[in-house]
Amino acid sequence: MYPNEAAQVKPPFTRRAGCRERGSAGEDQGGVGMKGWVTKRLGEVATLQRGFDLPTPDRISGKYPLVSSSGISDTHHKSAVRGPGVVTGRSGSIGNVFFIEDDFWPLNTVLYIKDFYGNDPRFVFHLLNHFDLKRFATGTGVPTLNRNFVHDELVLVPTSVAEQQRIVGLLDEAFEGLATAKANAEKNLQNARALFESHLQSVFTQRGPGWVETTLEKVLTTQPQNGWSPPADNHAASGTPVLTLSSVTGFRFRPDKRKFTSAATDPRRNYWIKNGDFLITRSNTPELVGHVAIAAGITEPTIYPDLIMRMNPAPDRMITEFLYYQMRTPALRKEIMGRAQGANPTMKKISNGAVKTLPIHMPPLVTQRAIVETMNALTEETQRLSRLYERKLAALEALKKALLHRAFAGEL
176 MYPNEAAQVK PPFTRRAGCR ERGSAGEDQG GVGMKGWVTK RLGEVATLQR
226 GFDLPTPDRI SGKYPLVSSS GISDTHHKSA VRGPGVVTGR SGSIGNVFFI
276 EDDFWPLNTV LYIKDFYGND PRFVFHLLNH FDLKRFATGT GVPTLNRNFV
326 HDELVLVPTS VAEQQRIVGL LDEAFEGLAT AKANAEKNLQ NARALFESHL
376 QSVFTQRGPG WVETTLEKVL TTQPQNGWSP PADNHAASGT PVLTLSSVTG
426 FRFRPDKRKF TSAATDPRRN YWIKNGDFLI TRSNTPELVG HVAIAAGITE
476 PTIYPDLIMR MNPAPDRMIT EFLYYQMRTP ALRKEIMGRA QGANPTMKKI
526 SNGAVKTLPI HMPPLVTQRA IVETMNALTE ETQRLSRLYE RKLAALEALK
576 KALLHRAFAG EL
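Here the numbering used here is used: the first residue of the sequence shown is 176, the next is one more, and so on.
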């Protein structure tokens, strides 16, 4: 027997323009704010119930989704709840709400709707998305959603299932359009990144006349040098800035990724960074070790840490930006990750000697300048689309919240 036997099918909806006619307050548990709408405790609209234990060894792959606090995570040959259903995280990841079309198995890290009390399941899904479930989380370690607090929340709902389904139709149609807009923006960004990576690889694999192969140390005036990491006891809220690994990770320099130290410093030491310095991370996860960036935007004396190396190419042999792009190529990334060592599988280090002997291809300076100009243009376009994508996501999320607010104010 399933905990929620009544599976409802959504009929087609018809659009109806204009706001709901407003009525008088004072009826039925807090009053009717609009004709056909009533204020109730959420627990009277839908009952949240903890999911079911299913240890990993007992799971058998099948056609029924296993739903965790992060969504569908696996399948099982049996279901515990009849669909359609609504699920939200109970422990760990709090706030996301999932609509499950088919029969499913909610794991014990989630809460599922056990009883919809005749309300449309999809309407309840949108209702839960409307208010911030994270505010009901308790616990200082792993957050846990307290369903009793959620059940006591007052909500305004239409008593007519047909009206609920009309609202669902409008929201689903609008959200489908928002999802399409998001997907289009993401596709444009992916295309720009793919074009950048494709051109980057072709430039350094389809080399023309005048290219020579050498090693990194032979194109440098300043050989790779580790920085200095002040003692942890001297970490402070202000003082001398010290860059972190994040300042270089991701192949772009971020001077704001820094800490401060109160430790005594020596202006004669080589751990000070200058704008234009070429930097490489010498320790990180296997995927992130050896990321490079060019220092820029430094406005005050700043230290670079021991986990970063600093070097400078000879201007008459190699342009710094050309070296930067070459160090990002798949061939050199593979070489760097292959040279990184360490017993810890999640943290690798690359030595000074391994960096200095990296194979480098060097064309004439005029060719380097042309390549840098092209790659800079592609970089700028990718960054422009990335900024546009982030703004688009923020705008779409704001629009989604506004639509939900209007829906549950009876204004759709």
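Quick reminder that beta carbons are idealized off the backbone N, C-alpha and C, glycines included.
| Query | Result |
| --- | --- |
| Answer yes if the segment 407–415 comes into contact with the segment 378–391, meaning at least three C-beta pairs across the two stretches below 8 Å, and no otherwise. | no |
| Which residue spans inside the segment 356–398 form an unbroken beta strand (DSSP E) run of at least 3? | 387–390 |
| To the nearest angstrom, how far is the alpha carbon of ILE235 from that of GLY270? | 28 Å |
| When we look at the beta-carbon of TYR558 and count the other beta-carbons within 10 Å, is it buried (16 or more) or exposed? | According to the sequence provided, residue 558 is Gln. The question's Tyr does not apply to it. Per the 10 Å Cβ criterion, exposed. |
| With respect to 8 Å, is the separation between the Cβ of ASP290 and the closest non-hydrogen atom of the ligand FMN below this value? | Here there are no bound small molecules, and the ligand FMN is not part of this structure. |
| Fully enclosed by the segment 273–332, which beta strand (DSSP E) runs are 3 residues long or longer? | 285–290 |
| Span of the beta strand (DSSP E) holding HIS251? | 246–251 |
| Quick check: what's the CA-CA separation for ARG427 versus ARG503? | 11 Å |
| Are the CB atoms of PRO488 and THR495 nearer to each other than 9 Å? | yes |
| Enumerated in chain order, which unbroken segments of the alpha helix (DSSP H) with a length of 4 residues or greater are wholly contained in the segment 392–467? | none |
| Alpha carbon to alpha carbon, how far is ALA529 from PRO539? Give it in angstroms, no decimals. | 25 Å |
| What distance in whole Å lies between the Cβ atoms of SER421 and LYS434, which are believed to be in contact at a cut-off of 8 Å? | About 10 Å separates the two Cβ atoms, so there is no contact after all. |
| So GLU338 and GLY211 are in contact, right, with Cβ under 8 Å, and what is the actual spacing, rounded? | 6 Å |
| Report buried or exposed for TYR292, applying the criterion of at least 16 other Cβ atoms within 10 angstroms of its Cβ. | exposed |
| Evaluate the contact criterion for the segment 355–363 versus the segment 292–310: three or more CB pairs, one atom per stretch, below 8 Å. | no |
| Measuring straight from C-alpha to C-alpha, what distance separates CYS194 and LYS215? | Note that CYS194 scores 35 on pLDDT, short of 50, meaning its location in the model is unreliable and no value can be drawn from it. |
| Across the segment 344–351 and the segment 531–548, are there enough close Cβ pairs to call them in contact, namely three or more that are closer than 8 Å? | no |
| What residue does the alpha helix (DSSP H) around TYR564 start on, and which one ends it? | 540–582 |
| What is the C-beta distance between PHE311 and PHE324, in whole angstroms, given that I count them as a contact (C-beta under 8 Å)? | 5 Å |
| Which same chain residues end up closer than 7 Å to ASN304 when comparing Cβ atoms and leaving out the 5 residues on each side of it in sequence? | VAL272, LEU579 |
| Given a cut-off of 9 Å, decide if MET484 and ILE535 are closer than it, judged by their beta-carbon atoms. | no |
| Based on Cα-Cα distance, which residue from LYS531, GLY451, ALA468, GLY414 lies nearest to GLY425? | ALA468 |
| Spatial neighbours of ASP327 within its chain, please: C-beta separation below 8 Å, excluding the five flanking residues on both sides. | ARG216, LEU217, GLY218 |
| Quick check: what's the CA-CA separation for GLU388 versus ALA545? | 19 Å |
| Quick check on the burial criterion: 16 or more other C-beta atoms within 10 angstroms. Buried or exposed for ILE448? | buried |
| So, for ALA255: in the same chain, excluding its five sequence neighbours on each side, which residues have a beta-carbon less than 6 Å away from its beta-carbon? | PHE227, TRP280 |
| How many angstroms separate the CA atom of LEU587 from the CA atom of ALA577? | 11 Å |
| Span of the alpha helix (DSSP H) holding THR495? | 495–502 |
| From THR263, PRO259, ASN445, THR456, pick the residue whose C-alpha is nearest to that of ILE511; which is it? | THR456 |
| Would a C-beta distance cut-off of 9 Å place ILE275 and GLY258 closer than the cut-off? | yes |
| Any idea which residues DSSP pairs VAL242 with across the strands? | ILE247, PRO281 |
| Terminal residues of the continuous alpha helix (DSSP H) containing PRO505? | 505–514 |
| Going by alpha carbons, who is nearest to GLY451 out of ILE473, GLY465, ARG443, THR440? | ILE473 |
| Out of SER268, GLU361, ARG322, point me to the one whose CA is closest to GLY316's CA. | SER268 |
| Could you check the C-alpha separation between PRO296 and VAL330 for me, to the nearest Å? | 15 Å |
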